[in-house]
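Asks:
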Amino acid sequence: MDGSHKARRALPTLLDWPVVRQVRDGDFLGRGRAVTSPTTRSQTARTKTADRVVQSICPYCAVGCGQKIFVKDEKIVQIEGDPDSPISRGRLCPKGSASEQLVNSPVRQTQVLYRAPHATEWTTLDLDQATDMIADRFLETRRRTWQDTDEDGRLLARTMGIASLGGATLDNEENYLIKKLFTAAGAIQIENQARI
Amino acid sequence: MPGLGASFGRGGATQFVQDMANADCIIIQGSNMAECHPVAYQWVTEAKLRGARVLHIDPRFTRTSATADRHVPLRVGSDVIFLGAIINYVLTHELYFAEYVRAFTNGPTLINEDYADTEDLDGLFSGYDPERGAYDLKSWAYATADDGDGDGDTDGKVGEAGAEEHGVEKREAAAGDQHGSGGPALEHARVLRDDTMTDPRCVLQILRRHYSRYTPEMVEQACGVSAEDFAYVVDSLVTNSGRDRTTCFAYAVGWTQHTLGAQFIRTASILQLLMGNIGRPGGGIMALRGHASIQGSTDIPTLFNLLPGYLPMPYAGRHDTFEHYLTSIASKQQKGFWVNADAYAINLLKAWWGDAATADNSWAFDYLPRINGSHNTYATVMGMLEDTVEGYFLLGQNPAVGSSNGRMQRMGMAHLKWLVVRDLQLIESATFWKDGPEIATGELRTEDIGTEVFFLPAASYAEKEGTFTQTQRLLQWRHKAVAPPGQSRSELHFFHELGKKIRARLADSTDPRDRPLLDLTWDYPEDEHGDPDAHAVLQEINGRYLTGDKAGELLPAFVEMKADGSTSGGCWIYTGVYAGGVNRAASRKPDAEQSWVSPEWGWAWPANRRILYNRASADPEGRPWSERKAYVWWDADKASWVGHDVPDFPVTKDPAYRPEPGTGGVAGLAGDDPFIMQADGKGWLFAPKGMVDGPLPTHYEPQESPVVNPLYGQQANPARMVYKRKDNLSAPSGTRPGADVYPYVATTYRLTEHHTAGGMSRWLPYLAELQPAFFCEVSPELAAERGLENGGWATIISPRAAVEARVLVTERMTPMTISGRQLHQIGLPYHWGVGGSDAVVSGDSANDLLGVTLDPNVAIQESKASSCDIRAGRRPTGEALLRLINEYQSRAGLTVETGNTLLTGGDEADR
């Protein structure tokens, strides 16, 4: 901010009358700087002070609007439309505009939870322990429900004991690993929202 | 998807959303685009500003209607009558684009003499097998003078590639899904043609007869659309199609979620081919999808019946050898790029099993498990109830709220041994055991539920890197913004870890069943947080040279894939996304710095082509149809196809080129065969293969309908998939006793402010505040009939459930007059659920009302039309709720047979 600005603020003059400010700043409709208060002028947008901006894509519908994610101190501080995107030209719908609340939700679960059979409440688990338990159950179910062949002796090489649902909100690379691992394990009942 | 795939050879949207701005007319039907895809809708607005006419044909008046030039309200489920009548009109009045149809479609192609139409058989095509409730497709075949086996005998039909499969077999495999990137296979392309299109057996003449009774009067009577509105729509389409003008269609799940959903899309495909609007700027059919990577999750499918790149999962008894498998996908004698399916399959097997996949073991084909039925998600839930399914993973999906017949979903999960839920929030599917609706009714008790539940917090889209494939087949890479919080991890991380742990546990196994896991290529580099490198996965998907000078280099294009094990690639249609070692999905040249086609923003499959079939944007000789609609054309000096996009055609193939008769593959494509994934190179007005419920779309009523089919004795789709179960009862239709117990039609839909089952929206204060509560939209007339008050409560009762909703009385819902009777439709947004932890808003789920009856091509449920009753006031709670549902069921006399008789032709009492 230059010196003349400071001088004006220190000593209100006729020049600070709103209508004069409008004319002086060229804000003839009175929708811009001319009608901002000193408090507003003293604030800085989070998008200006971010440490970095990352290009991303909206996670909701399949239009694929471009997003810019603003990060400060390793925390997402704002998510906005990306004006460079030829698809969305900077625009986001209400869902896309709310993306920051999706990632920063105060009630978002970040802890592994476990409900034992017949239990009435959750308990917590360590992530690695949970993954171990899932791997054990996966293999146990697979062993118990394995089908080598059908009644006519034709190859099946599968389990009907394991199923999965989901994928339309995930990345291609993730769907690829899911399909690859499940198929190699003989688990065929893999489905996602595209069926629905 | 097969609606597009069987017509054009690929199941994806034919164009990109920006191209809608080039349309002279946009017809939105089966979608509320302005509210469900608001940002894409700017291109519709752009078209309108350039002078285009926009029409919205939909049961409900929405913001799409408000911004359209005209809203045409239409009875739920009557779309085939409406579009079929337009087809009839343009044929009768010779208003179709004859030159385009003759050159680029199968309009001139002859069908064999055994074919009989629904006009001859009261709503059935030839080949219906009442025992199996499905069609034998043989009699729909193209005619030929030669069956190609060299022995001189012929039955006059062009058969399938490989063994003929009965419709029931295709239905079980949801075989329609296989046409995502390659059309239905034929044993060869030596078809008979009549270029005058006057032979009574040619497709165009069959089309005329098939739709001859689809008249404006029928539209008025059965769709509830006035003759004036109908004429306006026809005029808009006809005056905005042809050499110099193009019309675009847009649809969404308003078309797919029906027992003949794929045929709705086929009807639009036929119309767009007749009007010459495919492959051209401002034309096409825009398939709008509701999930960020729903196209990607079928391209690289987390689906039971597909492998990456739309290769089928092998089916026991039909694909027992690799040769049988390959010949069923495509014949070497048919035309186009699908003949190289052997290379695509071998490259996938090499990507997965590396050195363990050799020519000697048929590239590890027997490492693939076999399907032998319709293992769709609903069948899986029935498997849970029968205790055959023990373990279940939910990966960002919430079936307790988002799937039809929610009670069946929750009861099924209560039978599981173990359940893994990976999500951002504690969604209803994670907590059904403590707070689901069945706990409230007393049907389930927490202490009795033996399901072990693991909730694993997931990384959000901003906390991982990777690609989404959008509705326009566009792969866009997302960069990682921050690390996921706490114990949250990406699916990439979780499945990589799970795979490592499983493989470690089996490391010493000598059991042959464990070989596919132990031989699996699973050595992705990890970063310091243990996250596997998503770039490495995308590179594997893209594919590599394995041998020779270029060994280790990434493949530039799928045409480089070899069938000899010298290349690998996990999904052939994505080959090229990493060409030259550059991640093209991350291309981000700003909009302002490139052409309107934006080839350097993201990467579209196949081969970065943005408008598919774009060879059809030029006339048979390769000249633009008009200067105004020039897009891709033949440059004789350069001996090359050139233009604004990557040509979707062999780039040096002269338009005048004609192959030797009988030539298969890419060489078999003539210079005027724009549909390069179709077995005959043409757009299919008539689908001799590929659709299990008819070669031409035919109107059938929904599974539940208060209306008697006005066209045929056959009431509903005779090939639909019904599940006769006490927990899945259907309402009687038409004039059957009990139909009046559920007299209204319900149709479900989405709101701008919510996302499907709400897991990504009901926990967000902004969105929850904007749309806080489940409501039902009713007309003032229905409100008066049932004493409903705006803002008050209503209870909606179906044969499956009763739910309560706030009442919104609005003229946006139009009572329809159908065959002289007033018919009311009720709109139900479906985003809310009961249970879950910490959601800002909750409420009853509209999906609880719905039953499970499926489209036979793709096994998608009929969410968009069902029968119900509505009454003022809140629903009862506890056991009293069950008594209410039961009271309705017994008053209507429901049994598991009700509504589930497939064949009803001729017998009025059975309808």
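If you're matching them up, the sequences are chains A and B in order.
If you number the first sequence the way the numbering used here does, the last residue is 196 and the count never jumps.
If you number the second sequence the way the numbering used here does, the last residue is 911 and the count never jumps.
Even glycine gets a Cβ: it sits at the ideal position worked out from N, Cα and C.
1. Which residue's Cα is closest to the Cα of THR145 of chain A: A:MET133, A:ALA34, A:ARG154 and A:ALA163?
2. Which residues share a DSSP beta bridge with LYS75 of chain A?
3. Verify whether the separation of the beta carbon atoms of THR47 of chain A and GLU80 of chain A is less than 8 Å.
4. Report the three-state DSSP secondary structure of GLN29 of chain B (helix, strand or coil).
5. How close, in whole Å, do the beta carbons of VAL54 of chain B and ILE86 of chain B come, if the pair is a contact with beta carbons under 8 Å?
6. Can you check whether the CB of CYS58 of chain A is closer than 8 Å to the CB of PRO38 of chain B?
7. Which value, in whole angstroms, describes the spacing of the CA atoms of GLU704 of chain B and ALA462 of chain B?
8. How should TYR41 of chain B be labelled, buried or exposed, when 16 other C-beta atoms within 10 angstroms of its C-beta is the threshold for buried?
9. Rank B:PHE494, B:SER181, B:GLY548 and B:SER139 by C-alpha distance to the C-alpha of PHE337 of chain B and give the top, closest one.
10. Are SER866 of chain B and ALA746 of chain B closer than 8 Å when you measure CB to CB?
11. Would you check if the segment 62 to 74 of chain A and the segment 290 to 308 of chain B touch, i.e. whether three or more CB-CB distances between them fall below 8 Å?
12. Starting from PRO829 of chain B, follow the beta strand (DSSP E) in both directions and report where the run begins and ends.
13. Return the CA-CA distance between HIS529 of chain B and ALA483 of chain B, expressed in angstroms with no decimal places.
14. Please classify GLY5 of chain B: does DSSP put it in a helix, a strand, or coil?
15. Given this structure, state the Cα-to-Cα distance separating LEU546 of chain B from ALA356 of chain B, to the nearest angstrom.
16. With a cut-off of 8 Å, does the C-beta of ARG289 of chain B fall near any C-beta of chain A?
17. With the cut-off set at 8 Å, would you say PRO655 of chain B and ASP672 of chain B are in Cβ contact?
18. Helix, strand or coil for LEU854 of chain B, going by three-state DSSP, please let me know.
19. By the 8 Å beta-carbon criterion, what residues does the segment 85 to 108 of chain A contribute toward chain B?
20. Using beta-carbon positions only, say whether GLU443 of chain B and VAL401 of chain B come within less than 8 Å of one another.
21. Quick one: measure Cβ to Cβ for GLY254 of chain B and GLY30 of chain B, integer angstroms, because I've assumed they're closer than 8 Å.
22. Restricting to Cα atoms, I'd like to know which of B:ALA222, B:ALA351 and B:VAL234 is closest to VAL537 of chain B.
23. Taking just the CA atoms, how far does GLY548 of chain B sit from GLN257 of chain B?
24. Please name the residues in the segment 811 to 838 of chain B whose beta-carbon is closer than 9 Å to at least one beta-carbon of chain A, in chain order.
25. Round the Cβ separation of ILE611 of chain B and GLY9 of chain B to the nearest angstrom and send it over; I've been treating them as touching at under 8 Å.
26. Tell me which same chain residues have a C-beta within less than 8 Å of the C-beta of ILE76 of chain A, skipping the five on either side of it?
27. Using a Cβ cut-off of 7 Å, pull out every chain A residue sitting near TYR325 of chain B, in sequence order please.
28. Say whether chain A places a C-beta atom closer than 8 Å to the C-beta of GLN295 of chain B.
29. Buried or exposed for HIS93 of chain B, please, with buried defined as at least 16 other CB atoms from any protein chain shown within 10 angstroms of its CB.
30. Measure the Cβ-Cβ separation of ALA607 of chain B and VAL646 of chain B and say whether it is below 8 Å.
31. Once DSSP output is grouped into helix, strand and coil, what is the label at CYS571 of chain B?
32. So GLY391 of chain B and GLY161 of chain A are supposed to be a Cβ contact under 8 Å. How far apart are they, rounded?
33. Tell me which same chain residues have a C-beta within less than 7 Å of the C-beta of GLU862 of chain B, skipping the five on either side of it?
34. Just the chain B side, please: which residues come within less than 7 Å of ALA168 of chain A by C-beta, in chain order?
35. Over what stretch of residues does the alpha helix (DSSP H) that includes LEU492 of chain B continue unbroken?
36. Mind checking ARG883 of chain B: buried by the 16 CB within 10 Å criterion, or exposed?
Replies: The short version:
1. A:ALA163
2. A:LYS72
3. yes
4. strand
5. Not really, about 17 Å apart at Cβ, beyond 8 Å.
6. no
7. 43 Å
8. buried
9. B:SER181
10. yes
11. yes
12. 825 to 829
13. 9 Å
14. helix
15. 14 Å
16. yes
17. yes
18. strand
19. SER85, PRO86, ILE87, SER88, ARG89, ARG91, LEU92, CYS93, PRO94, LYS95, GLY96, SER97, ALA98, SER99, GLN101, LEU102, VAL103, SER105, VAL107 and ARG108
20. no
21. 3 Å
22. B:ALA351
23. 49 Å
24. SER837 and ASP838
25. Their Cβ separation, rounded to whole angstroms, is 14 Å, which puts ILE611 of chain B and GLY9 of chain B out of contact at 8 Å.
26. ILE69, PHE70, GLU100, VAL103 and ASN104
27. Residues of chain A passing the Cβ test: none, with the nearest at roughly 12 Å.
28. yes
29. exposed
30. yes
31. coil
32. 6 Å
33. GLN257, HIS258, THR259, PRO702, GLN703 and THR853
34. HIS291, SER293, ILE294 and SER297
35. 491 to 505
36. exposed
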